[in-house]
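Before any comments, here is the structure.
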Amino acid sequence: MKIIVNGKEAGAKEKGCALCGATWGDYYEEVDGERLFFCCNYCALEFVNMVNEIKRRTGWGKIDELIINGNYYTGRTCVAKNGDKEFKFYVKFNEEAGIETFREI
Amino acid sequence: MHMNEMANVKSDPSHVMWLNRNISTGRLDVHELARSLEEFFLTPEGLAMWIRRRFIEKFYGNNPHPFIVAMQNPTRGVLLGYVIEHQHFLKNWVRILSSIVFRSDRDDVIKYELENIAVEFLGYNGKPSHYELLLRMGEALGMKRKEILATPPLPGTQSAIRTWRKIAENKSWVETMAAMHSLELVADRSLVKYGAKLPYFNPSILSSDKYPQEVKDFLREGYEADIYHAGEALNMIEKYAEEFGIKEDVQVTVLKSFDAFSKYLLSRLERAFEIEPSLVKEVFGR
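Line by line, the protein sequences are chains A and B. Start counting the first sequence at 1; every next residue gets the next number (the numbering used here). Start counting the second sequence at 1001; every next residue gets the next number (the numbering used here).
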């Protein structure tokens, strides 16, 4: 899965956390068979919850590309891609890294 | 050393999040991190101005808070979202101010907080309270008072209120005062002078025919009052933080309060989306 966070490629240690783009920390999680880098386990859990929600709503088996824009203060506006299909949404997480708001745009 | 160990070695979420939100999303080596932290907490212009500058960065900077962006041309949904969530904020506000009155032994602080409680909740000098003006705004937008009062807060508002109550229960009265009154900066028009990219709302609303008089009455109150309120409170906070030697504690608590406030403002928007589902495209689809 190609991941772009606030305009920069992410998901590997040298590039940044797959959810927030930060390069702090040292945490890894396997998502869809890929080992992704996260700054902390909260970001990892939020990312997994978000990916599961995208799949549940779209019925897709995989996501080819995920573009994430935003942060804690604004919430995140995202585009998920599967082949030539696109799914746009806004997401915000709660204190337990669960999804508090998920709205299709 | 502690911050470096917690963020870079242990990937501790609370430390990583704090660094992301306040220092940098880019990893720094231990020496750069120590220098950045030291610089971050310096207050060459005083604590009150430090609080102002941080508030501007978080809510009025290059990427302003989406609720504030929505307030530049607010729809009925945005204003009703404001009413429904803010009634809970205001009620909690005066409950927390009363805890400051209970714990402080300083006359200027007690008087300031009691006056603020009167203005916000009771009414003052023959004028209706902000709480009453808020409810009237909701009614003018077509929602019954009973319905407004019966609507519980959204989870984001509940979580923010929990944060402020924890501060009031566990921190000093000076920190509690800072956590609350720093939030009044949101409506402080003088922030534009210090670099805010936009005002709290477009002031042309106050003379527009598009909005009911009750909307203008509510917005005007905050617009005219909060310069005096936030400024006076920040000066007291600066004075007492220095007297008690708790400047850094105040800074840390203020940042925590800003995080809660951001969450709370998003809840106003979330409520607006419930009322006007098409709004989500206008706010986030641009």
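C-beta atoms are modelled at their ideal positions from N, C-alpha and C, and glycine is treated no differently.
Spatial distance of G70 of chain A from Y1060 of chain B (CA atoms): Roughly 15 angstroms separates the two Cα atoms.
Which residues in chain A have a C-beta closer than 7 angstroms to the C-beta of F1284 of chain B? List them in chain order. Chain A residues near F1284 of chain B: T77, Y90, I105.
Alpha carbon to alpha carbon, what distance is there between E1232 of chain B and G1046 of chain B? Straight-line Cα distance between these residues: approximately 14 angstroms.
Do R103 of chain A and V1280 of chain B have their C-beta atoms within less than 8 angstroms of each other? One thing to note: R103 of chain A has its Cβ within 8 angstroms of the Cβ of V1280 of chain B.
If you draw a straight line from the C-alpha of K13 of chain A to the C-alpha of E46 of chain A, how long is it? Going from the Cα of K13 of chain A to the Cα of E46 of chain A covers about 18 angstroms.
Is R1021 of chain B near the ligand ZN, going by C-beta to nearest heavy atom under 7 angstroms? Inclusion of the ligand ZN in the displayed structure is not the case, the ligand content being empty and no account of it being possible.
Candidates A:E96, A:A44, A:N52, A:I68, of which the one nearest I4 of chain A by Cα: With distances taken between CA atoms, I4 of chain A lies nearest to A:I68 out of A:E96, A:A44, A:N52, A:I68.
Smallest Cα separation from P1277 of chain B: which of B:T1075, B:R1027, B:F1041? For P1277 of chain B, the nearest C-alpha among the options comes from B:T1075.
Under a Cβ-count criterion, where at least 16 other Cβ atoms within 10 Å of its own Cβ denotes burial, should Q1087 of chain B be classed as buried or exposed? Counting C-beta atoms within 10 angstroms of its own C-beta, Q1087 of chain B has 16 or more neighbours from the protein chains shown and is therefore classed as buried.
Chain-order list of residues whose beta-carbon lies under 7 angstroms from that of T1151 of chain B (same chain, five-residue window excluded): So the list reads I1084, once near-sequence residues are dropped.
Kindly indicate if chain A contains any beta-carbon less than 8 angstroms away from that of D1170 of chain B. Looking at the sequence itself, residue 1170 of chain B is Asn, so the reference to Asp does not match. No, N1170 of chain B does not count as interfacial toward chain A.
Can you tell which of B:I1205, B:D1029, B:P1155 has its C-alpha closest to the C-alpha of E95 of chain A? Here the closest residue by C-alpha is B:P1155.
So that I know if they touch, is there some Cβ in chain A lying closer than 8 angstroms to that of F1040 of chain B? By the rule that beta-carbons nearer than 8 angstroms mark a contact, F1040 of chain B does not touch chain A.
If we require 3 or more residues per run, which beta strand (DSSP E) segments fall completely within the stretch 1051 to 1129 of chain B? Here no run is fully enclosed.
In its own chain, which residues sit with a C-beta less than 8 angstroms from the C-beta of V1215 of chain B, not counting the 5 before and 5 after it? Contacts found: L1079, M1137, A1140, L1141, I1205.
Note down the Cα distance separating K8 of chain A from G1026 of chain B, rounded to an integer number of angstroms. Using only the alpha carbons, I get a separation of about 12 angstroms.
Can you find a C-beta in chain B that's less than 8 angstroms from the C-beta of G25 of chain A? Yes, its Cβ sits closer than 8 angstroms to a Cβ of chain B.
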